[in-house]
Amino acid sequence: MQIEGKEYLARVNALREKMAENGVDLVVGFSNLLEIAIVRYYCGFAPTNESSAIVIPAEGEVIVCTGQASYDDCQLKNALPDSRIAILPEIGEVSGFVYDTEGQLDFEDLFRQVKAEHPDIKKVGFIGRLIFPAIIMDKLRKVFDGCELMDMDDIHYEQRVMKSPAEVELMIKNWKMVSEVFKNVVPQIKAGMTEREVEGMFMAEMGRLGAESYVQAFAPMIASGPENSFVSMRRNEERQIQESEIISIGCGVCYGGYNGMTCTPLVLGEIPQKMKDAVMCAYDALNYASAKMKPGVSCDVVMNAYTEYLTEKGYIEYCPYGSLHSTGMLECEAPIFSVENKRVLKEGMCICIDAYFKGMEWGSFRMEDCYLITADGVKRMTTYNDEFIPQIFK
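Numbering-wise, my numbering puts 347 at position 231 of the sequence shown, and it's gapless, one number per residue.
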């Protein structure tokens with residue numbers, strides 16, 4: 117199961133249409149581990165322990181850029197027709213280790229080659245505004261001195277929000293996989309285990325089921341107890357899990373460059389009633405809000421339903437946000453849906469809904485699931501919470 121070369125070419129051509137609309141003659145995209153998918157989206161290649169880039173002129177040959185260590189893999193994985201590969205040290209290993217590899221350029225050399233091949237470039241776009249390295253941007257500005265620069269991030273992510281049939285197939289694979297991971301691992305969690313031990317159990321099960329890498333999804337977070345669960349994003353510790361305390365678990369898988377994600381609360385042993393009440397309220401709130409999702413519905417309808425439900429039940433003060441976001445090659449992928457922007461849901465969108473209860477005297481937790489917008493409405497695609505939350509907490 118993979119994306120075919122013709123689809124990558126269609127993505128490049130769709131970007132070129134937007135380039136033409138905006139008078140852009142050249143686009144340079146950059147990826148690192150924070151956003152590994154910008155380059156992969158257009159060619160299928162994602163490096164290991166290095167960064168990558170892609171240079172897309174308005175017409176002609178596309179250049180896929182790799183570091184030295186990932187060059188051989190790039191030759192295998194680059195599936196974009198009418199493209200070539202360039203080796204550039206600026207996106208190689210951060211140690212600056214030098215490989216004896218023929219044909220290396222730096223980005224200034226590469227940009228000068230592109231300028232010689234396309235002498236009429238007047239406007240240059242870039243993708244990756246939050247991660248684009250100064251060393252590459254400086255060389256881009258130097259070679260294309262006098263050219264206008266344009267941030268193309270919004271255009272890029274608008275491309276990614278609507279999923280093709282092949283992308284939906286890969287998303288379904290990931291959703292099934294992450295649901296199976298939770299179903300298999302959570303019953304094995306015992307009091308006395310450390311957060312890191314449980315993290316290892318999730319990683320092992322993802323590998324057993326064939327996941328590509330959690331690094332490109334959502335690293336397993338096992339936030340236990342009132343203090344650790346309060347932190348929204350964190351590294352796991354050697355703290356031992358106890359009975360009758362909240363454990364907030366989040367984990368994602370990556371397969372074929374796409375993601376599946378689930379967050380769930382867990383309590384071992386006897387569960388205090390106040391924890392049961394809060395967890396079931398979050399579960400019911402997500403069901404109430406997601407029931408309003410269907411093609412043509414503005415996202416503020418969904419988000420207002422969520423906050424209104426929590427207000428009615430008396431939990432709104434513990435909810436800093438209720439997140440509704442696109443998911444795909446990243447777990448949390450732009451664009452974000454908000455009450456203010458009133459983005460309209462469309463068939464083919466893949467969406468995450470996230471209920472975050474924070475700051476209760478006994479701790480915090482997150483509950484998150486993935487949904488597919490279909491012609492008939494919405495379908496909850498990650499199944500662990502729907503199957504097990506009522507069993508554990510009701």
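The beta carbon of each residue, even a glycine, is placed where N, CA and C say it ideally should be. Treat the numbers as computed from the prediction; the structure is a model and nothing was measured.
query	result
Proximity below 8 angstroms, CB of Cys159 to CB of Ala169	no
Separation of Ser329 from Gly316, as counted between CA atoms	13 angstroms
6 angstroms CB neighbourhood of Asn148 in its chain, flanking five on each side removed	Ser167 and Ile247
Sequence ranges, alpha helix (DSSP H) only - wholly within the stretch 314-400, length at least 4	341-344
Ala327 versus Cys263 - alpha carbon distance	43 angstroms
Beta-bridge pairing of Lys193 - partner residues as DSSP gives them	Answer by DSSP bridge pairing: none, since Lys193 is not bridged.
Which of helix, strand or coil DSSP assigns to His272	helix
Candidates Ser186, Val214, Asp222 and Val171, of which the one nearest Arg200 by Cα	Val171
For Tyr187, the nearest candidate out of Leu226, Pro163, Lys238 and Pro436 (CA to CA)	Pro163
Endpoints, beta strand (DSSP E) assigned at Asp485	Gly479 to Thr490
Span of the alpha helix (DSSP H), counted from its first residue to its last, around Cys468	Unbroken run through Cys468 is the beta strand (DSSP E), Cys466 to Met476; no alpha helix (DSSP H).
Whole-Å CB distance - Ile154 paired with Gly244, under 8 angstroms assumed	5 angstroms
Completely contained alpha helix (DSSP H) runs for the stretch 242-297, where each covers 4 or more residues	250-259 and 269-277
8 angstroms Cβ cutoff met for Arg312 and Tyr157	no
Selected residue, minimal CA-CA separation from Asp270, among Met419, Phe481 and Leu131	Leu131
One or two residues paired with His441 in a DSSP bridge	Ile452 and Cys468
Integer Cβ distance of Met117 from Glu285, believed to fall under 8 angstroms	6 angstroms
Beta-carbon contacts of Asn300 that lie in its chain and below 7 angstroms, excluding the five residues immediately before and after	Glu321
Identity of the residues DSSP links to Thr182 by a beta bridge	Ser168 and Ile203
Straight-line Cα distance separating Pro451 from Tyr487	16 angstroms
Residues of its chain near Leu402, where Cβ-Cβ distance is below 6 angstroms and the 5 sequence neighbours each way are ignored	Ile469 and Ala471
Pairwise C-alpha distance: Val418 and Ser406	7 angstroms
Inter-stretch contact at 8 angstroms, needing at least 3 Cβ pairs: the stretch 423-439 / the stretch 137-146	no
Reference Ala394, options Lys239, Glu447 and Phe509, closest by Cα	Phe509
Under the three-state DSSP convention, the category Pro436 falls into	coil
Expected contact under 8 angstroms - CB spacing of Gly385 and Ala307 to nearest Å	7 angstroms
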